[in-house]
Amino acid sequence: MNTIALFLLLPLLPAGTPPDQVTYVDSGKVQKGRVVYDTPQKLVLRQGARDTVIDPADLKEVRSLERSLAKILDRDLTGADARTFLELAQECEAAGLEAEARQFWLRTLLADPGSELAGKALKVQRVKDEVKVPFGKLRLTPAQLSERQGSWKEALLIECTHFKLETDLDLPLALDLALGLERNYRRFYETLGAPLELFLFDEAPEVRVYARKQDFPVGPVVGDPIWFAPGINTLNVLADPDPSVSGVIHELTRLMLFNALRRGSGTSAQVPQWTASGIAELFAMAAPAVRFGKWSEIGVPDKRLFERALADKIPFDRLFNASGNDFNADEKRGDMNASAYTLVHYMVFGRQKTLRGSYGKFLREGARGKISISAFCDALDMSKKDIENGWRAYVEELAR
Numbered sequence: 006m007n008t009i010a011l012f013l014l015l016p017l018l019p020a021g022t023p024p025d026q027v028t029y030v031d032s033g034k035v036q037k038g039r040v041v042y043d044t045p046q047k048l049v050l051r052q053g054a055r056d057t058v059i060d061p062a063d064l065k066e067v068r069s070l071e072r073s074l075a076k077i078l079d080r081d082l083t084g085a086d087a088r089t090f091l092e093l094a095q096e097c098e099a100a101g102l103e104a105e106a107r108q109f110w111l112r113t114l115l116a117d118p119g120s121e122l123a124g125k126a127l128k129v130q131r132v133k134d135e136v137k138v139p140f141g142k143l144r145l146t147p148a149q150l151s152e153r154q155g156s157w158k159e160a161l162l163i164e165c166t167h168f169k170l171e172t173d174l175d176l177p178l179a180l181d182l183a184l185g186l187e188r189n190y191r192r193f194y195e196t197l198g199a200p201l202e203l204f205l206f207d208e209a210p211e212v213r214v215y216a217r218k219q220d221f222p223v224g225p226v227v228g229d230p231i232w233f234a235p236g237i238n239t240l241n242v243l244a245d246p247d248p249s250v251s252g253v254i255h256e257l258t259r260l261m262l263f264n265a266l267r268r269g270s271g272t273s274a275q276v277p278q279w280t281a282s283g284i285a286e287l288f289a290m291a292a293p294a295v296r297f298g299k300w301s302e303i304g305v306p307d308k309r310l311f312e313r314a315l316a317d318k319i320p321f322d323r324l325f326n327a328s329g330n331d332f333n334a335d336e337k338r339g340d341m342n343a344s345a346y347t348l349v350h351y352m353v354f355g356r357q358k359t360l361r362g363s364y365g366k367f368l369r370e371g372a373r374g375k376i377s378i379s380a381f382c383d384a385l386d387m388s389k390k391d392i393e394n395g396w397r398a399y400v401e402e403l404a405r
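Throughout the sequence shown, residue numbering follows this note's numbering, covering 6 to 405 in sequence.
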């Protein structure tokens, strides 16, 4: 697991039967609940409001949604056929991954409309040679599902383990997007996980991907084709023309950060705008250039942004206290985002990575409302002058 960690999270767990369980080596005792933290050093099992900390060495077996899902996400589906999709659907069902099981049953049916197992799992209607798949109130044939839907009113809802995807794109692309969302969820936690005990969240935020401009809702910045609405916990993306992958990842990271902090440390999920921008930039810089392409290593310094921050030298107080408009609508937004990226980079990678724990403490307390410069200094146990001088030196070093 990559060891960049920024904050402690506590999840909102879904109702119903706990999906995870652990088995002890010596006694063979089985405990069920939700594995909310899982590293080689420590495992945390949540049962209702109670957390049990367990040494992994004491466990014979761990079964969790995330471990099971990781095996699915690692699969290369290039050239996969109906048989492969069917096997994956069955594997998901056995692991309790109900949402992903349905996705792979849909893939099976698209590849083989005559599949009886897929038809049974999806509860399709068969009239002579015609197959219709239930999607809410809609009943659609595989041919209809393989095309863009007629309007947003006919948008398809794709359930994932950690997200809800709603889109009027064609189903094959929608299923690829759903898988991409879960891969990004995994990447988020692998990147921001272990040192600060980053607990999972099961918030199920909604991602809406629109095929047509006329249906796309106007965001805070008019004309912006990608925007996150915290008030309704929804990410909106206009898919035609193809959006910037890095732009989507930037806003998706903001969505995940919002959910993580809201569930973990405070209902308001207050976080300084420079932090939200900087963390999102870390992921956006590593995003692939093309849809579903290869990622770069997260955290590799972007020299251009360090050069920009060095040249502009946004005052520390202005950066720290900036509002959302300073990063979105202001004419200096490019310089503001570059400076935010470098300050977050310093917090995560600077001084031999020794600032991470203190930065995480600040974020946890910030989610409860303590987001002032004095709170930042208290968390880092440094004066404002020392923090700023260290950051400026770091920027100058990496801009060379």
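We put the CB at the ideal spot given by N, CA and C, even for glycine.
Residue environment, residue i, which counts as buried when at least 16 other CB atoms sit within 10 Å
i, result
"T57", "exposed"
"P222", "exposed"
"L403", "buried"
"G442", "Nothing can be reported for residue 442, as the shown portion of the chain is limited to 6 through 405."
"Q108", "buried"
"S120", "buried"
"T258", "buried"
"S377", "exposed"
"D60", "exposed"
Alpha-carbon spacing of residue i relative to residue j, whole angstroms
i, j, result
"E393", "V400", "10 Å"
"Q256", "S249", "Contrary to the premise, residue 256 reads as Glu rather than Gln in this sequence. When rounded, the distance between both Cα atoms is 11 Å."
"K128", "A285", "40 Å"
"K389", "L348", "13 Å"
"E105", "R72", "14 Å"
"G252", "W279", "17 Å"
"R188", "E98", "19 Å"
"D173", "Q357", "47 Å"
"P235", "I77", "30 Å"
"A281", "A327", "11 Å"
"L315", "P45", "40 Å"
"L201", "R217", "Summary for L201: the model assigns pLDDT 49, below 50, so the residue's position carries little reliability, and this model does not support an answer."
"L122", "V138", "13 Å"
Cβ separation of residue i and residue j, assumed to be a contact under 8 Å, to the nearest whole Å
i, j, result
"A292", "I254", "4 Å"
"E152", "D175", "5 Å"
"V49", "F204", "7 Å"
"G124", "V132", "The Cβ separation is near 12 Å, so there is no contact."
"I163", "L180", "7 Å"
Cβ neighbours of residue i in the same chain (closer than 8 Å, five flanking residues each side left out)
i, result
"L385", "L360, S363, Y364, F367 and I392"
"L64", "V27, T28, Y29, V30 and L48"
"D335", "M341"
Contacting residues, own chain, Cβ-Cβ under 7 Å from residue i (five flanking each side not counted)
i, result
"G185", "F297"
6 Å Cβ shell around residue i - same chain, five flanking residues per side excluded
i, result
"A87", "T113, A116 and D117"
"R51", "G38, R39 and V41"
"S69", "D25 and V40"
Cβ of residue i within 9 Å of any chain D Cβ
i, result
"A216", "The structure shown contains no chain D, having only a single protein chain."
Which full runs of the alpha helix (DSSP H) of 4+ residues lie inside the region 223-296, going along the chain? If we require 4 residues or more, the alpha helix (DSSP H) runs fully inside the region 223-296 come out as 250-269 and 278-291.
At which residue ranges does the region 26-97 contain complete beta strand (DSSP E) runs of 3 or more residues, listed in the order of the chain? Counting whole runs of 3 or more residues, the region 26-97 contains the beta strand (DSSP E) stretches 35-43, 48-52, 55-59 and 64-68.
Taking the runs of the alpha helix (DSSP H) that are 4 residues or longer, which of them lie wholly in the region 298-334? Entirely contained in the region 298-334, the alpha helix (DSSP H) runs reaching 4 residues are, in chain order, 308-317, 321-325 and 329-333.
Enumerate, from N- to C-terminal direction, the unbroken alpha helix (DSSP H) stretches of 4 or more residues contained entirely within the region 145-229. Fully enclosed alpha helix (DSSP H) runs of 4 or longer: 147-150 and 176-196.
I'd like the ranges of any beta strand (DSSP E) spanning at least 3 consecutive residues and lying wholly in the region 92-142. Runs found: 130-132 and 135-140.
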